[in-house]
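Numbering (the numbering used here), first residue to last: 690 to 902.
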């Protein structure tokens, strides 16, 4: 004996949304009903995981931006080993390269999401990409920008390199470094200004310095 099919109910949907659904369903070779049921099923899974649809969409966007921008998955132990070796022998060059990498990625973000203010999702972008981060805060007040990162598992070297990367990224968005406080696992950076010009690493504006200098 065949099982009963779940009852069907009518749902009121805006006309413009339904038109888009119809186009997508047609492109996928599905009926509107089949496509709508799949969408609802996936939406339910998202909320059962304790997330929201906007969070999932944004997380995917940030992951895609990071991957297309050159991000790669490398075991933390390998990264830590390489940094410990190179940092001791060529600290200044490695710090400069991290700054330049951050600067490039900042420019990439601007080009990639030209229809949005990068500062709108900078906090979430850092949270999704920073090593072992526990807390990230990005706050803007007037022409001043504050960035706070807490990652207790980072070494002193990793913390300073990450700070340099963030400084490069934020500087590429038109801000100039104003103040920093960096200790192992904690990064506190303040920026000011915000305009079209970008300071280059090694000039007076750069505040990331090793504590041993």
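All C-beta atoms in this analysis are idealised placements derived from N, C-alpha and C, irrespective of residue type, glycine included.
Rounded Cβ spacing between residue 823 and residue 881 (contact assumed at less than 8 angstroms): With 8 angstroms as the limit, residue 823 and residue 881 do not qualify as a contact, their Cβ atoms being about 27 angstroms apart.
CA-CA distance, residue 786 and residue 778? Rounded to the nearest angstrom, the two C-alpha atoms are 14 angstroms apart.
Excluding five sequence neighbours on each side, which residues of the same chain lie with their C-beta closer than 7 angstroms to the C-beta of residue 914? Limits of the chain in this structure are 690 at one end and 902 at the other, which puts residue 914 out of reach.
Go through the region 838-872 residue by residue and report every complete run of the beta strand (DSSP E) that reaches 3 residues or more, in order. Here the runs fully enclosed are 864-872.
Note down the Cα distance separating residue 768 from residue 868, rounded to an integer number of angstroms. Going from the Cα of residue 768 to the Cα of residue 868 covers about 28 angstroms.
Touching or not, the region 798-818 and the region 723-738, by the rule of three or more beta carbon pairs under 8 angstroms? Here the region 798-818 makes no contact with the region 723-738; the two share fewer than three CB pairs at distances below 8 angstroms.
DSSP puts residue 791 in a beta bridge; with which residues? DSSP lists no partner for residue 791.
First and last residue of the beta strand (DSSP E) that includes residue 673? The question about residue 673 has no answer, for the chain in this structure spans 690 to 902.
Nearest CA to the CA of residue 753: which residue from 715, 860, 814? Looking at 715, 860, 814, the one whose alpha-carbon comes closest to that of residue 753 is 814.
Using a Cβ-Cβ cut-off of 6 angstroms (strictly less than) and excluding sequence neighbours within five positions of residue 826, which residues of its own chain qualify? Within the same chain, residue 826 has close Cβ partners 837.
Spatial neighbours of residue 801 within its chain, please: C-beta separation below 7 angstroms, excluding the five flanking residues on both sides. Its chain contains 754 as the residues whose beta carbon lies nearer than 7 angstroms to that of residue 801, once the 5 sequence neighbours on both sides are disregarded; these appear in chain order.
Return the CA-CA distance between residue 799 and residue 862, expressed in angstroms with no decimal places. Cα to Cα, the separation comes out at about 8 angstroms.
So residue 846 and residue 773 are supposed to be a Cβ contact under 8 angstroms. How far apart are they, rounded? Going by Cβ atoms, the distance from residue 846 to residue 773 rounds to 7 angstroms, so yes, they are a contact pair.
Proximity below 8 angstroms, CB of residue 791 to CB of residue 855: Residue 855 sits close to residue 791, with the two beta carbons spaced by under 8 angstroms.
Backbone secondary structure at residue 771 - three-state DSSP: It is helical.
Bridge-paired residues (DSSP) for residue 830: Paired residues: 833.
What separation, rounded to the nearest whole angstrom, lies between the Cα atoms of residue 751 and residue 859? For residue 751 and residue 859, the distance between alpha carbons rounds to 17 angstroms.
Please state whether the Cβ-Cβ distance between residue 776 and residue 857 is less than 8 angstroms. The criterion of a C-beta distance shorter than 8 angstroms is not satisfied by residue 776 and residue 857.
Through-space distance from residue 739 to residue 722, alpha-carbon basis: Straight-line Cα distance between these residues: approximately 26 angstroms.
Do residue 843 and residue 820 have their beta-carbon atoms positioned less than 8 angstroms apart in this structure? Taking 8 angstroms as the Cβ cut-off, residue 820 and residue 843 qualify as a contacting pair.
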